[in-house]
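Heads up, the thing below is written out as structure tokens.
Residue numbers (our numbering): 3 to 574.
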């Protein structure tokens, strides 16, 4: 099975829409996609670059206008009026498939097994829950400089399965890099950019209404949100690397299938990205027998793209195995709600495919103090303990509950929770605005503040809603004889020179015929007057379908008839 046989129904529909574009429109879109991916740009390719595509400047501009009209290309205005163009990110998957050969395949399916260099760590979504729960219990105060205390950073570094070596190859820039290890910076940046925590009143607080919405998501939906944030915030924006990242996800046959990284001119950056993916738990990094890099997804890669909503079915509830020694063996199928509650009433011992938590007296007392009643804890264990609760555990829980006389809280479950009744007036206004705007249903947005310095994006710029004219206008076309572009005719040398000059001015093609041979030129320069020559790019395929061109110089004696080749819909 080839990479392209894994195209799903949605992508097939988008490809069908792409296939309805004209060949010239496809070529223009392909050239822009190849050069820019989804990076913004302010101008089209040069005349020379379009000529290398077998296109005149007029054809490119005409097709570009059509692509804008059909929303394959969008635009925004900066505050000072500059217009920026971009291919919408929603088109990235379709164009990755359509232009894989043109851009150059960097991902190739393997038939052999690869040697593992770096195993994927347990998934990042559960690690974020672990960190939020820790913040809720321990607090995260800031210094007068707005940074986290050094001892607290050391604790954060110790409680996670991530390490700096997972992300050293990303080359990202972030605030206070001398203070925060990169893995700690990324964890905190993710929580901030997902709007699960915010800086307020000299500390980092949990945004409770966002957290409650987050806990309603499935693991798959969490992985989508986190992956999108990781790509936007830590993925190199160089177009070649954007192409690679999408090929890795779009052209893969699925999880647990090795693919080889080939034809790569960005090997260090690609290696850094693959190791980061392994750190976030998305896949394994390996190498084949020749030493080429390889990667294996541990989840379905296409489920990460464009924040698609996965099909929601009635999943079988999965809990844990309660042991007489108070340890709980937690399989990877346990849902976010289970993990979150375990984080409240038990200590995490180890985290792997099968994680281990241990229920302790201190953690139970802490949970009750923060508003979790003993009946709530018991109901949770009763519901999710797959083999029941050992009697000694049940007795111990009851005894521990009697040891605390802390009244259960009814609103805030800990001092680090931030809801509409806490925080400064400014923080409260921001929260109220978030609630009113429905931000709880959308977690990651590019303008959320974090620790990482994210490259400038189009977010927040004014969208251009102007109507794109369907017809293409050439200045002064109504002033020339229609025969120049409607008929093949022989002209006097001086008139032929005028026609060639007009083709250069308008950046249109020029057709020339001699006997039974027709050639199409993209003229560039005229030299001489009485005895003149015309230089430019000659289409080697008279059909105009091929992009191959050759630079040539002609004299008017080399053709019999000629005419201007104008875009089909030119205003006349």
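Where is the CB? At the ideal position from N, CA and C, for every residue including glycine.
Requested in this report: May I ask you to report which of helix, strand or coil DSSP gives residue 445?
Outcome: coil
Report task. Evaluate contact between the stretch 286-302 and the stretch 114-129, counting only Cβ atoms and requiring at least three cross-stretch pairs below 8 Å. Result -> yes
Query raised in the report: Would you call the CB atoms of residue 130 and residue 57 closer than 8 Å?
Result: no
Query raised in the report: Would you call residue 234 buried or exposed, if buried means 16 or more other Cβ atoms sit within 10 Å of its Cβ?
Result: buried
Query raised in the report: If we ignore side chains and look at the alpha-carbon of each, how far apart do residue 182 and residue 269 end up?
Result: 27 Å
Requested in this report: Please say whether residue 241 and residue 41 have beta carbons closer to each other than 8 Å?
Outcome: yes
Query - Through-space distance from residue 506 to residue 245, alpha-carbon basis - result: 35 Å
Query raised in the report: Helix, strand or coil: which one does DSSP assign to residue 536?
Result: strand
Query - Beta-carbon proximity list for residue 361, same chain, < 6 Å, skipping 5 on both sides - result: 328 and 348
Report task. Taking only heavy atoms of the ligand HEM into account, decide whether any of them is closer than 7 Å to the Cβ of residue 100. Result -> Judged by which ligands are present, the structure shown has none, so any question about the ligand HEM falls away.
Query raised in the report: Going by the CB atoms, is the gap between residue 553 and residue 515 shorter than 8 Å?
Result: no
Report task. Flag this pair as yes or no: are the beta carbons of residue 231 and residue 195 separated by less than 8 Å? Result -> yes
Report task. Would you check if the stretch 28-44 and the stretch 92-110 touch, i.e. whether three or more CB-CB distances between them fall below 8 Å? Result -> yes
Query raised in the report: Can you list, in chain order, the residues of its chain whose CB lies under 6 Å from that of residue 408, leaving out five sequence neighbours each side?
Result: In this prediction, residue 408 has a pLDDT of 44, which is less than 50 and means its spatial position is unreliable; nothing more can be read from the coordinates.
Report task. Tell me where the beta strand (DSSP E) around residue 249 begins and ends. Result -> That residue, residue 249, is in no beta strand (DSSP E); its alpha helix (DSSP H) goes 241-252.
Query - Ordered list of alpha helix (DSSP H) runs contained in the stretch 490-532, each at least 4 residues - result: 495-508
Query raised in the report: Shortest alpha-carbon distance to residue 570 belongs to which of 21, 27, 17 and 22?
Result: 27
**Report entry** Exposure of residue 19, with buried meaning 16 or more beta-carbon neighbours within 10 Å
**Finding:** exposed
Requested in this report: List the endpoints of the continuous beta strand (DSSP E) containing residue 553.
Outcome: 551-556
Query - Under the three-state DSSP convention, the category residue 264 falls into - result: coil
Query raised in the report: Can you list the beta strand (DSSP E) stretches of 3 or more residues lying completely in the stretch 20-106, in chain order?
Result: 76-79 and 85-88
Query raised in the report: What are the start and end residues of the alpha helix (DSSP H) that includes residue 227?
Result: 221-236
Report task. Note the first and the last residue of the continuous beta strand (DSSP E) segment covering residue 117. Result -> 117-120
Requested in this report: Compare the Cα-Cα distances from residue 190 to each of 511, 30 and 126 and report the closest residue.
Outcome: 126
**Report entry** Own chain, CB closer than 7 Å to residue 560, minus 5 neighbours either side, in chain order
**Finding:** 516
Query raised in the report: Would you call residue 455 buried or exposed, if buried means 16 or more other Cβ atoms sit within 10 Å of its Cβ?
Result: exposed
**Report entry** Complete alpha helix (DSSP H) runs within the stretch 298-378 (minimum length 4 residues, chain order)
**Finding:** 338-347 and 363-371
Query raised in the report: In angstroms, rounded to a whole number, what distance separates the CA positions of residue 83 and residue 164?
Result: 44 Å
Query - Beta-bridge pairing of residue 201 - partner residues as DSSP gives them - result: 206
Query raised in the report: Taking residue 267 as the reference, which of 243, 283 and 253 has the closest Cα?
Result: 243
Query raised in the report: For residue 182, which three-state DSSP category applies?
Result: coil
Query raised in the report: Does the separation of the CB atoms of residue 564 and residue 513 fall below 8 Å?
Result: yes
Query raised in the report: In terms of alpha-carbon separation, which member of 494, 493, 508 and 504 lies closest to residue 475?
Result: 508
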